[in-house]
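Protein chains in written order, with the working numbering: chain A, 1 to 230; chain B, 1001 to 1230.
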C-alpha cells in the first residue's frame, strides 16, 4: 500500500480551529486518526491574530484543507469579544461572562456541518472542555450531544444512513492535561493565541480569563509557558 | 392603555425572512402576536432580489428591526443555489434536489438564536413546511424539534430559565392554504420573490421547483397569481 492510497482510506474530519491552545491540541489529536479539514471563523473578534495562528497550525499538522469563513456575529452584537463598546474584564467573574458570544458555537458547528457534508466527512471535532469551560453554556456535554442529534436530522448524509458524530477529545481534560497531551503530539504552543485581546502580532495581555486559564495550565503541567506576553 | 405601552408589552419574536412567499406569510402571522425582529441572509444566493423583497416586506408588516446578515455559504459550496458551476434544474427530481444548501437552515437558525438572545426574544419563527417541503431534510418537524432542544441548551436565556421556542406556523399547511391565510392578513404577494433564479429586479423564471410549487399554490387557492414572470 502506498502512502497516498493509505491517506485516501483514512476517515475525514472537519476540525474547528480557532488558533488557540485547545483547538491546536484538538487538531493534533484528530490528525492521528483522520484526514483533517480545518475551519476557522473571522467573526469580528478583537483578536484577529488567532486566524494567523490557525493558518500556521493547519500547515504544521498537515490539514488537507483550511477554510476561513467570514461571518457577521458583530452585526448581532452582545459580547465583549465582538462589541467594542463592552470592555474585556480583567478579573474573574461569577456566572456567564460578558465575553460570551450569543450562539457562537451553534453558528460555528452549523458551518462545520455544512463543510462536513460537502467534503464527505463524518466527524466534526471541537475543543470544548467541561473542566475549564469558563461558564459558556454551549461548551457543555449535553449541548454537544444535542448538536450531534440535530446534525443527523439536518443533513442529507444523516438521513441517508451515514451518521455524523461530534468528537470532543478535550471534554474531560484539565488545561494541564491538554497541554501535556499536545506536547507529546508535537504541538508548538508558541504558535497558538488564546488571549481575548491579543495584539495584531499575537502578543497576549496576560490578564483576561483566557490568559489566566492558560497560564495556570502551563504551571500545573509543570512546563515552561511559551506564551508571548506583551 | 396607549398604543405604545401595549406595543412594549407584546412578546418578541425573531422571524426568518427570505423575501419569499412562505416567510412573508410567516411574518404576517407572527406580527399578529409578536413584536417582530426580522432577519435575512445574504449568502451568495443567485437570487439577491429576494433581499430587496425582504426589506419591503419587513417595512410593510411593521417589523421593529430588520437585520441582513452576510454569510459565506458560498465558501463551502455544494449547492446549485450558491455554486455557479451547478445548474438549477428545470424539471422535478426525485429525492433531495441539487438546490439543497448544506446545513442552510441550521446556519440560519443559529444566527436567529444569537439575535434572539441579544434582543431578548423568546421565539424564533421559521416558514418551514412539511407538505410542499421540496425534500430538504432541514425542513422536517423532527429537525425543528431538535433545534429547539439545542437552543435551550445553547444559550444563557435557556439555562437561566427563559425557554426558547421555534414556531412553525406553516408546518402543516398546503401552499394554497398558506396563500389564503396570507391574503386574509394583507400580504401583497407581488412583493415576494420565490424563484431560485430570479433576475435582479425579482422577475421569476417560471420553471424551477420553487416557481412550480408557487404557481400550483395560486392555482389551488383559486386566486390570481401576482408573480412577475419574465
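For glycine and all other residues, C-beta sits at the position ideal for the given N, C-alpha and C. If you're wondering where the values come from, they're calculated on a predicted model, not measured in any experiment.
{"Query": "Chain A beta carbons: is any one of them nearer than 8 Å to that of residue 1143 of chain B?", "Result": "yes"}
{"Query": "Does the contact criterion of 3 or more C-beta pairs under 8 Å hold for the segment 1149–1169 of chain B versus the segment 1056–1065 of chain B?", "Result": "no"}
{"Query": "Can you list, in chain order, the residues of its chain with a C-beta nearer than 8 Å to that of residue 1244 of chain B? Leave out the 5 residues immediately preceding and following it.", "Result": "Any property of residue 1244 of chain B remains undetermined from this structure, which presents chain B solely from 1001 to 1230."}
{"Query": "Roughly how many whole angstroms lie between the Cα atoms of residue 1140 of chain B and residue 1017 of chain B?", "Result": "18 Å"}
{"Query": "Please name the residues in the segment 117–128 of chain A whose beta-carbon is closer than 7 Å to at least one beta-carbon of chain B, in chain order.", "Result": "117 and 118"}
{"Query": "Please name the residue in B:1209, B:1178, B:1205 and B:1221 whose C-alpha comes closest to that of residue 1025 of chain B.", "Result": "B:1178"}
{"Query": "Going by DSSP, name the residue or residues bridged to residue 1014 of chain B.", "Result": "B:1037 and B:1124"}
{"Query": "Can you confirm whether residue 5 of chain A, when its beta carbon is compared against all beta carbons of chain B, has any partner nearer than 8 Å?", "Result": "Annotation note: pLDDT 42 at residue 5 of chain A (below 50); position unreliable, coordinate value reported separately. Chain B, which has no Cβ nearer than 8 Å to the Cβ of residue 5 of chain A, makes this no."}
{"Query": "Of all the options A:230, A:35 and A:122, which has the alpha carbon lying nearest to the alpha carbon of residue 199 of chain A?", "Result": "A:230"}
{"Query": "When DSSP labels each residue in this structure, what does residue 1224 of chain B get in the three-state scheme?", "Result": "coil"}
{"Query": "When you compare only the Cα positions, how much space is there between residue 1050 of chain B and residue 68 of chain A?", "Result": "26 Å"}
{"Query": "To which residues of the same chain is residue 1032 of chain B closer than 8 Å at the C-beta, ignoring the five residues directly before and after it?", "Result": "1185"}
{"Query": "Applying the criterion that 16 or more other CB atoms from any shown protein chain within 10 Å of the CB defines a buried residue, is residue 1194 of chain B buried or exposed?", "Result": "buried"}
{"Query": "What are the start and end residues of the beta strand (DSSP E) that includes residue 68 of chain A?", "Result": "65–70"}
{"Query": "What residue does the alpha helix (DSSP H) around residue 1188 of chain B start on, and which one ends it?", "Result": "Neither: residue 1188 of chain B is in no alpha helix (DSSP H) and is coded neither H nor E."}
{"Query": "By the DSSP assignment, the alpha helix (DSSP H) with residue 1131 of chain B in it spans what residues?", "Result": "Unbroken run through residue 1131 of chain B: none, as it is neither H nor E."}
{"Query": "Counting only beta-carbon atoms, is residue 156 of chain A nearer than 8 Å to chain D?", "Result": "In the displayed structure, chain D is absent; the protein chains listed are A and B."}
{"Query": "For residue 1110 of chain B, return the contacting residues in chain A, with the cut-off set at a CB-CB distance below 7 Å.", "Result": "103, 106, 107 and 110"}
{"Query": "Pull up the CB-CB distance for residue 168 of chain A and residue 19 of chain A, whole angstroms please, since I reckon it's below 8 Å.", "Result": "Wrong, their Cβ atoms sit about 18 Å apart, outside the cutoff."}
{"Query": "Verify whether the separation of the beta carbon atoms of residue 102 of chain A and residue 1117 of chain B is less than 8 Å.", "Result": "yes"}
{"Query": "Quick one: is residue 2 of chain A near chain B, going by C-beta distance under 8 Å?", "Result": "Low confidence applies here, because residue 2 of chain A scores a pLDDT of 39, under 50, leaving its location unreliable; read the following figure in that light. So no, residue 2 of chain A is outside the interface."}
{"Query": "Cβ of residue 81 of chain A less than 8 Å from any chain B Cβ?", "Result": "Note that residue 81 of chain A has pLDDT 48, beneath the 50 cutoff, so the model's placement of it is unreliable and no number is given."}
{"Query": "Buried or exposed, going by whether 16 or more other CB atoms sit within 10 Å of the CB of residue 1172 of chain B?", "Result": "exposed"}
{"Query": "Against chain B, does residue 51 of chain A count as a neighbour if the rule is that its beta carbon must be under 8 Å from one of theirs?", "Result": "no"}
{"Query": "Give me the residue from B:1156, B:1196 and B:1143 with the minimum Cα distance to residue 1129 of chain B.", "Result": "B:1143"}
{"Query": "Spell out whether any CB of chain A is found under 8 Å from the CB atom of residue 1070 of chain B.", "Result": "yes"}
{"Query": "Hey, quick one: how far does the alpha helix (DSSP H) through residue 59 of chain A stretch, first residue to last?", "Result": "49–60"}
{"Query": "Whose C-beta lies closer than 7 Å to the C-beta of residue 225 of chain A among residues of the same chain, with five residues either side of it excluded?", "Result": "215 and 218"}
{"Query": "DSSP state of residue 1165 of chain B, grouped into three classes?", "Result": "strand"}
{"Query": "Shortest alpha-carbon distance to residue 42 of chain A belongs to which of B:1065, B:1206, B:1176 and B:1071?", "Result": "B:1071"}
{"Query": "Going along chain B in order, which residues have a C-beta closer than 7 Å to the C-beta of residue 138 of chain A?", "Result": "1154"}
{"Query": "Can you confirm whether residue 30 of chain A, when its beta carbon is compared against all beta carbons of chain B, has any partner nearer than 8 Å?", "Result": "no"}
{"Query": "Buried or exposed: which applies to residue 40 of chain A, given that a residue is buried once 16 or more other Cβ atoms fall within 10 Å of its Cβ?", "Result": "buried"}
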